[in-house]
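Here our numbering is used: the first residue of the sequence shown is 5, the next is one more, and so on.
For each residue, glycine too, the CB sits at the ideal point set by N, CA and C.
Being a predicted model, the structure only gives us computed values, none of them experimental.
I have placed the structure first, in the form of C-alpha cells, so that the comments after it can refer back to it.
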Amino acid sequence: MPVKIRLARRGRKKRPYYHIVVADARAPRDGKFIENIGFYNPMTVPATIELDRDKAFSWISKGAQPTDTTRAILKFKGVYYKKHLMRGVAKGALTEEKAEQMYQDWISNKEAKVAARREDTIRAREEFWKMVSGEIKPRKKPVDTEAAEAFRGDSPDVEAVTEEAVAAEAAVPEVTETVKEEVAEVKAETTETVKEEVAEVKAEATETVKEEVAEVKAEVTETVKEEVAEAAETVKEEVAEAAETVKEEVVEAAAEATEEVAEVVEEEVKSVTEEAVDAVSADEVVKEEE
5 MPVKIRLARR GRKKRPYYHI VVADARAPRD GKFIENIGFY NPMTVPATIE LDRDKAFSWI
65 SKGAQPTDTT RAILKFKGVY YKKHLMRGVA KGALTEEKAE QMYQDWISNK EAKVAARRED
125 TIRAREEFWK MVSGEIKPRK KPVDTEAAEA FRGDSPDVEA VTEEAVAAEA AVPEVTETVK
185 EEVAEVKAET TETVKEEVAE VKAEATETVK EEVAEVKAEV TETVKEEVAE AAETVKEEVA
245 EAAETVKEEV VEAAAEATEE VAEVVEEEVK SVTEEAVDAV SADEVVKEEE
C-alpha cells in the first residue's frame, strides 16, 4: 500500500491550519489517515510547527513519501538531517553516539534561531504599536557642538587639525598597500575554503540523489506489480461472471426452443389426426351410398 506524509486541512475559510498526517496515497485529502504526527499553522509569524520527529523518521525509514510542503517541514525540523546521520552510521563513518550528539546540537541551534526570530517579531510589533499610539516621539538628530566649534575660522585648533589632516593624508598610501596585501591573502584563503566545501557538498548531494532514486525505483516497481496483480484478479472474476451469464442464457434459449418445437409437433399431430378422421368418415359415407 503506497503511504504518503501530507497535510490535512482544518480551520475556517481564509484561516487554515493543518495536521501533518500519514495516510494512504489513494485516500482523499481530508479523509481517513493512519496516524497524526504533527501540526502546522502558516498564519502565525513565524509559522507554528509541532512535529513528532521520531515518528516522522520512522515513517520516512519505512518508505513513506512526503509531499513538497511536508518535505520542507521535515527538513526544517531536522528529520532528513537525522536520516543523513543514520546513513553515515550504517556505513561506519560515524558512531551512533556521535550521530545522536550532532543531531541534538543541530536541534538546539535551530530552536535558538526560531526563538530569536519570535522575540524579534514580538519586539517589532510592540514598537509599531507604540509608534502609532503616540508614545514614542520622532528622534531629533543630535548636533555635535564641539565639532562645529573646532571648525570655526577663529578657533585656535584649526592649525592643529590641519597638520593632523596632512599627516593622515601622507600615511594613506602605506595603509592602502597594507590593506591590499591583507585583502589578497584573505581572498586566497576564502577561495580555497569555498572550493573544498563545494566539493564536499557536491559529493554528498550526488550520493543522496543516487540513494533516493534507487528507493523511488524500488517503490514504483512494487506498486506496479501490486496494481497488475489486482487488475489480473479483477479480469478473472469478470470473465468468470460473463461465462456464467452466457451459460445461463444458452440454457434458457434451448429450453424455450424445445417448448416451441413441442407445441408445433402437437399441433401437426392434431391436424393429421383430424384429417384422418375426416377421410375415414368420407369412406364410410361412400360405402353406404353404394
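Cα-Cα separation between T99 and V49, rounded to whole angstroms: 38 angstroms
K36 versus R30: straight-line alpha-carbon distance, rounded: 10 angstroms
Coil, strand or helix - K81 by DSSP: coil
Chain-order list of residues whose beta-carbon lies under 6 angstroms from that of A103 (same chain, five-residue window excluded): L89 and V93
Straight-line Cα distance separating V273 from A280: 10 angstroms
Contact check, G67 vs E54, beta carbons under 7 angstroms: no
Nearest to Y44 (by Cα), restricted to the options P20, E201 and S65: P20
Contact under 7 angstroms by Cβ, G82 with W110: yes
Coarse secondary structure for A188, derived from DSSP in three states: helix
Span of the alpha helix (DSSP H), counted from its first residue to its last, around I64: R57 to S65
Nearest neighbour of K86, chosen from S275, K229 and Q108 [CA to CA]: Q108
Opposing strand residues paired with P20 [DSSP bridges]: G15
Length of the line joining the Cα atoms of A128 and K214: 45 angstroms
Whether Y22 touches R13 by CB criterion (7 angstroms): yes
Neighbour-count burial assignment, I9, 16 or more Cβ in a 10 Å radius: buried
4-residue-minimum alpha helix (DSSP H) runs that sit fully inside the segment 84-150, ordered along the chain: 100-137
DSSP three-state assignment for V7, whether helix, strand or coil: strand
Residues that F37 bridges to, as DSSP identifies them: BP columns for F37 are empty, so no partner.
Exposed unless 16 or more other CB atoms sit within 10 angstroms - verdict on T210: exposed
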